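Following: one structure in structure tokens, then a few remarks.
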Amino acid sequence: MPAPRIPHPREKRIVFANIDREGYTPDIACYLRNGGYEDLKKAVKMAPAEIVAEVKTSSLRGRGGAGFPCGVKWGFIRPGETKPIYLICNADESEPGTFKDRYIIHQDPHQLMEGMIISAFALNVHLAYLYIRGEFPQGAQILEQAIAEAKEKGFLGKNILGTGFDLEIYVHRGAGAYICGEETGLIESLEGKRAYPRIKPPYFPAVLGLYQCPTIVNNVETLCHVKHIVRMGGAEYAKIGKPNNTGTRIVGVSGDVVKPGYFEIEVGSMTLGELINDLCGGLKPGRTLKAIIPGGSSAKVFRAGEKFKIKSKAADGSMVETEIGVLDIPLDFDTMAACGSMAGSGGVIVMDDTRDMVEALNNLNHFYAHESCGQCTPCREGSLWMQKITDRLLAGGGVESDPGLLESVSNNIAGKTICAFGEACSWPTMSFVAKFPEEFAARAKKQVPPPTPPEFLSETLIGAGH
Amino acid sequence: MQIPTELLAKIDEAISHYPVSKRSASLPLLHLFQEQFGYISDESIAWIADKLGLEQINILELVTFYPMFRREPAGKVHIRVCRTLSCALAGADDLKTKLSEATGIHCSKHHEGFSHPPEVSPDGQFSIESVECLASCGSGPVMMINDDFYEAVAPETIQEILSKYK
Chain A
1195 MPAPRIPHPR EKRIVFANID REGYTPDIAC YLRNGGYEDL KKAVKMAPAE IVAEVKTSSL
1255 RGRGGAGFPC GVKWGFIRPG ETKPIYLICN ADESEPGTFK DRYIIHQDPH QLMEGMIISA
1315 FALNVHLAYL YIRGEFPQGA QILEQAIAEA KEKGFLGKNI LGTGFDLEIY VHRGAGAYIC
1375 GEETGLIESL EGKRAYPRIK PPYFPAVLGL YQCPTIVNNV ETLCHVKHIV RMGGAEYAKI
1435 GKPNNTGTRI VGVSGDVVKP GYFEIEVGSM TLGELINDLC GGLKPGRTLK AIIPGGSSAK
1495 VFRAGEKFKI KSKAADGSMV ETEIGVLDIP LDFDTMAACG SMAGSGGVIV MDDTRDMVEA
1555 LNNLNHFYAH ESCGQCTPCR EGSLWMQKIT DRLLAGGGVE SDPGLLESVS NNIAGKTICA
1615 FGEACSWPTM SFVAKFPEEF AARAKKQVPP PTPPEFLSET LIGAGH
Chain B
1475 MQIPTELLAK IDEAISHYPV SKRSASLPLL HLFQEQFGYI SDESIAWIAD KLGLEQINIL
1535 ELVTFYPMFR REPAGKVHIR VCRTLSCALA GADDLKTKLS EATGIHCSKH HEGFSHPPEV
1595 SPDGQFSIES VECLASCGSG PVMMINDDFY EAVAPETIQE ILSKYK
């Protein structure tokens, strides 16, 4: 096991305050010694609508990848709803490059419990599920233990803290399918079916979710933030970060840096370059930067040296346009989107000049081809085609038209599928091919199409019928 | 099909977590069966379907959809190596090759990515499977041996790690 990390001075740890703290253990005794469940005690004295209002005021945006405002999502629950309302915690962390929920679950499970119980109280939920990916068997055990401990202490179960509010939380394990991170796929999976994402509209499970009832699905990190919003108050929380990009978020850096790892930072408080050079110790000696994937593998790649024109408000209120480089992009939701990519799930993958971009894309294409749920034809077929084309490029069989073909296939997936996996699987191909054309062209030199494999020659096919 | 009493108790407990729909217990029951028997047999599918009041296809379609479920036994010690980008950049390919050598498993190049059925060593002790991102990208390459998690695995430590499972 690598040694515990000491937080970097530029970090602002709220959700990760207890991660890697010496002597901190995942049991409830330790949590209570550190002021645990005090925020729940505060919350149950508030009106549920008040908590929802605080979350709205905080401008908290979902930390799962889409960055949708949490308070707005919660607001979709109709007042006076008569059907049961469900809360689901999405702990299906599987976006390549993302590693944050793992540490909350393993090291500070009660923080998540408290966040979930407060959220359930605010939303009038009496049955909640914690959907954890199948590959976290130890995490599932830790959470089950945490649930049992919270129940024993009266923070869960019947008549929580004497308020008359009842809540049960159950852990539900996935079984290795990335698509379960998509909220409607997750719900299908929780209903015991294949995780096929549902057709939209309705756009939000808050309208029709689990068992056709209103359902809120929130990421682990998002639910943890709710606890801190209740403690600080929404207005105070909103002072952290930037307007519309409030709070802290956990970014994980992997790939070719000296010290990869996770950091909790104030949103927008530093640039991509500061993250890589100051917090991660820069690139390995003698290497230069080639590419950065800024928000999980589905985010569009940045090429070192790229320039972006960003509009911002000047002191006098007028809009000014400034030109910034890749390393100058602040780590927030909006600027990242303005630069054509996304802050996504906070997973930053750094690649240096020794890396082959065709190989990198091929690795991701294998991932997406494997993980496509198979429901929509463009994605099921397209993701596999993109994988096969990059396989062919790497195997030395690339033809001149291959980069164009990759572009065409990817353009025919995004926007043509039921869920956002279509975008997720095509954005890497679109951006890699557009931004590193010379690397793809160098492997796509053959002028003739590849020969038909013998089993598909017409003689063989006709012959096989006899 | 003989179901041990202890497993029956776990099954009933799992079903009780889903008061609205028993069908939701499909995945938990499949996990319990795979833990108990090592894989999901036709008999298991029939038993689960019967228990939950479903058709067998409702269970079979889950087994074929969710990558963690197997239709045939793996080794006694099942190794999952992450193959996705961050781990690949950190040397996952090399790790898998060294694991194959150390366990005597022939990982065919053709199945470079996924191995269904999992590739099992001649003595039945070990099996290796390439899996997608295990969400520990900052400490690659990572792997799981049964339920144990290993990060930043240096190839020279493989023998020592595997000796714990012999």
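So the sequence lines, in the order shown, correspond to chains A and B.
Numbering-wise (my numbering), the first sequence opens with residue 1195 and increments by one.
Numbering-wise (my numbering), the second sequence opens with residue 1475 and increments by one.
Ideal Cβ positions, reconstructed from N, Cα and C, are used throughout, including at glycine.
As the structure is a computational prediction, the values presented were derived from the model and not from experiment.
### Message
Let me confirm a value: A/Ala1429 is counted as buried when at least 16 other C-beta atoms fall within 10 Å, else exposed. Which label applies?
### Response
Start at 1 with the first residue of the first sequence, and residue 1429 of chain A comes out as number 235. By the 10 Å Cβ count, A/Ala1429 comes out exposed.
ask   = With respect to the alpha helix (DSSP H) encompassing A/Arg1425, which residues constitute its N-terminal and C-terminal limits?
value = Looking up residue 1425 of chain A in the first sequence gives position 231. Here the alpha helix (DSSP H) through A/Arg1425 covers Val1414 to Met1426.
Taking just the CA atoms, how far does A/Ala1554 sit from B/Tyr1624?
Against the second sequence, residue 1624 of chain B aligns to sequence position 150. Against the first sequence, residue 1554 of chain A aligns to sequence position 360. Their Cα atoms are separated by approximately 24 Å.
Check your understanding: When you check each C-beta in the stretch 1428-1450 of chain A against every C-beta of chain B, which residues fall closer than 7 Å?
Key -> Gly1446, Val1447, Ser1448, Gly1449 and Asp1450
inquiry  = Relative to the C-alpha of A/Tyr1390, which candidate in A/Lys1503, A/Glu1377, A/Ala1400 and A/Ser1539 has its C-alpha closest?
reply    = In the first sequence, counting from the first residue as 1, residue 1390 of chain A sits at position 196. Closest by alpha carbon: A/Glu1377.
Would you decide whether A/Gly1475 is buried or exposed? Buried here means 16 or more other CB atoms lie within 10 Å of its CB. Along the first sequence, read from residue 1 onward, the residue named residue 1475 of chain A stands at position 281. By the neighbour-count rule (16 or more Cβ atoms within 10 Å), A/Gly1475 is not buried but exposed.
State the CB to CB distance for the pair A/Ser1448 and A/Ile1543, rounded to an integer number of angstroms; the pair is presumed to be in contact (CB under 8 Å). The residue you call residue 1448 of chain A lines up with position 254 of the first sequence. The residue you call residue 1543 of chain A lines up with position 349 of the first sequence. Right, their Cβ atoms sit about 6 Å apart.
Look up A/Asp1221 in the DSSP assignment and say whether it is helix, strand or coil. The count along the first sequence starts at 1 and reaches residue 1221 of chain A at position 27. DSSP places A/Asp1221 in coil when its eight states are reduced to three.
Worksheet item: Taking the beta strand (DSSP E) that B/Glu1625 falls in, what are its first and last residues?
Response: Here residue 1625 of chain B is taken as the residue at index 151 of the second sequence, counted from 1. Careful: B/Glu1625 lies outside any beta strand (DSSP E) and carries neither H nor E.
- request: Please confirm if B/Pro1547 has its CB atom under 7 Å from at least one CB of chain A.
  value: Locating residue 1547 of chain B in the second sequence gives position 73, where the first residue counts as 1. No, no contact with chain A.
Give a yes or no on whether the minimum CB-CB distance between B/Thr1479 and chain A is below 7 Å. Reading the second sequence from its first residue, position 5 is the one you call residue 1479 of chain B. It does not: the Cβ of B/Thr1479 has no partner Cβ on chain A nearer than 7 Å.
Check your understanding: Are the C-beta atoms of A/Glu1458 and some chain B residue less than 7 Å apart?
Key -> Indexing the first sequence from 1 puts residue 1458 of chain A at position 264. So, not an interface residue.
Between the CA atoms of A/Thr1529 and A/Asn1413 - distance to the nearest angstrom:
Along the first sequence, one-based indexing puts residue 1413 of chain A at 219. Along the first sequence, one-based indexing puts residue 1529 of chain A at 335. When rounded, the distance between both Cα atoms is 22 Å.
* Nearest-angstrom Cα distance between B/Ser1589 and B/Met1542? -> Working through the second sequence from its first residue, we reach residue 1589 of chain B at position 115. Working through the second sequence from its first residue, we reach residue 1542 of chain B at position 68. With a pLDDT of only 49 at B/Ser1589, under the threshold of 50, the placement of this residue in the model should not be trusted, and no figure is reported.
In terms of residues, what are the limits of the beta strand (DSSP E) holding A/Gly1457? Residue mapping note: residue 1457 of chain A aligns to position 263 of the first sequence, counting from 1. The residue you asked about is not Gly; residue 1457 of chain A is Phe in the sequence shown. Looking at the DSSP string, the run of the beta strand (DSSP E) that includes A/Phe1457 is Gly1455 to Glu1460.
Requested in this report: Return the bridge partner residues of A/Ala1472 from the DSSP annotation.
Outcome: Here residue 1472 of chain A is taken as the residue at index 278 of the first sequence, counted from 1. For the record, residue 1472 of chain A in the displayed sequence is Asp; it is not Ala. The partner list for A/Asp1472 (beta bridge, DSSP) is empty, contrary to what the question assumes.
* **Three-state secondary structure assigned by DSSP to A/Thr1442** => Sequence index remark: in the first sequence, residue 1442 of chain A carries index 248 (1-based). Reduced to three states, the DSSP call for A/Thr1442 is strand.
Q. Of all the options B/Thr1558, B/Leu1563, B/Ala1576 and B/Thr1577, which has the alpha carbon lying nearest to the alpha carbon of A/Ser1288?
A. The sequence position of residue 1288 of chain A within the first sequence is 94, counting from 1. If we check each option's Cα against that of A/Ser1288, B/Thr1558 comes out closest.
Of the residues A/Ile1656, A/Ala1369 and A/Thr1571, the one placed nearest B/Leu1506, counting alpha carbons only
Here the question's residue 1506 of chain B lines up with position 32 in the second sequence. Residue A/Ala1369 is the option with its Cα nearest to B/Leu1506.
Would you list, in chain order, the members of the stretch 1282-1293 of chain A that have their beta-carbon closer than 7 Å to a beta-carbon of chain B? Glu1287, Ser1288, Pro1290, Gly1291, Thr1292 and Phe1293
### Task
Label A/Phe1650 either buried or exposed according to how many other C-beta atoms from any shown protein chain fall within 10 Å of its C-beta, with 16 as the threshold for buried.
Counting from 1 along the first sequence, the entry for residue 1650 of chain A is found at position 456. Counting Cβ neighbours within 10 Å, A/Phe1650 comes out exposed, since fewer than 16 surround it.
| task | Output the boundary residues of the alpha helix (DSSP H) element that contains B/Leu1501. | result | If you number the second sequence from 1, residue 1501 of chain B lands on position 27. Counting along the chain, the alpha helix (DSSP H) containing B/Leu1501 begins and ends at Ser1500 to Phe1511.
*asked:* Below 8 Å, how does it come out for the stretch 1378-1388 of chain A and the stretch 1257-1274 of chain A: are there three or more Cβ pairs, yes or no?
replied: no
Self-check item: Pairwise C-alpha distance: B/Cys1556 and B/Ala1566
Solution: Position 92 of the second sequence, counting from 1, holds the residue named residue 1566 of chain B. Position 82 of the second sequence, counting from 1, holds the residue named residue 1556 of chain B. Using only the alpha carbons, I get a separation of about 7 Å.
Legend entry - Proximal chain A residues relative to B/Arg1497, where beta-carbon distance stays under 7 Å: Your numbering for residue 1497 of chain B matches position 23 in the second sequence. Chain A residues near B/Arg1497: Glu1385 and Gly1386.
Item to complete: Below 7 Å CB to CB, which residues in the same chain sit around B/Arg1554 once its five sequence neighbours on both sides are set aside?
Response: Against the second sequence, residue 1554 of chain B aligns to sequence position 80. Contacts found: Glu1603, Val1605, Met1617 and Met1618.
Legend entry - 8 Å contact criterion, which B/Lys1496 and B/Gly1527 should meet: CB distance rounded: For the purposes of this step, residue 1496 of chain B is identified with residue 22 of the second sequence, where counting begins at 1. For the purposes of this step, residue 1527 of chain B is identified with residue 53 of the second sequence, where counting begins at 1. About 6 Å; that satisfies the 8 Å criterion.
Would you call A/Ile1200 buried or exposed, if buried means 16 or more other Cβ atoms sit within 10 Å of its Cβ?
The residue you call residue 1200 of chain A lines up with position 6 of the first sequence. By the neighbour-count rule (16 or more Cβ atoms within 10 Å), A/Ile1200 is not buried but exposed.
* Tell me whether the beta-carbon of B/Ala1499 lies closer than 7 Å to the beta-carbon of B/Ile1489. => Your numbering for residue 1499 of chain B matches position 25 in the second sequence. Your numbering for residue 1489 of chain B matches position 15 in the second sequence. Yes; because the gap between Cβ atoms is below 7 Å, this pair is in contact.
Under a Cβ-count criterion, where at least 16 other Cβ atoms within 10 Å of its own Cβ denotes burial, should B/His1580 be classed as buried or exposed?
The residue you call residue 1580 of chain B lines up with position 106 of the second sequence. Exposed, since its Cβ has fewer than 16 Cβ neighbours within 10 Å.
Discussion item. Within 8 Å, do at least three Cβ pairs link the stretch 1567-1587 of chain A to the stretch 1619-1638 of chain A?
Written reply: yes
Chain A residues whose Cβ lies nearer than 9 Å to that of B/Cys1611 | Position 137 of the second sequence, counting from 1, holds the residue named residue 1611 of chain B. Result: Pro1290, Gly1291, Thr1292, Phe1293, Gly1446, Val1447, Ser1448, Gly1449, Pro1454, Gly1541 and Ile1543.
Q) With respect to the alpha helix (DSSP H) encompassing A/Arg1574, which residues constitute its N-terminal and C-terminal limits? A) Within the first sequence, the letter at position 380 stands for residue 1574 of chain A. It spans Thr1571 to Leu1588 - the alpha helix (DSSP H) in which A/Arg1574 sits, taken as one unbroken run.
Three-way DSSP call (helix, strand, coil) for A/Gly1499 in this model = As a position in the first sequence, residue 1499 of chain A is number 305, starting the count at 1. Here A/Gly1499 sits in coil by DSSP.
Looking at A/Pro1408: is its Cβ nearer than 7 Å to the Cβ of A/Ile1311?
Your numbering for residue 1408 of chain A matches position 214 in the first sequence. Your numbering for residue 1311 of chain A matches position 117 in the first sequence. No. Outside cutoff.
- Item | Contact with chain B by A/Ala1340, beta-carbon distance below 7 Å | Working through the first sequence from its first residue, we reach residue 1340 of chain A at position 146. Not one chain B Cβ lies under 7 Å of A/Ala1340.
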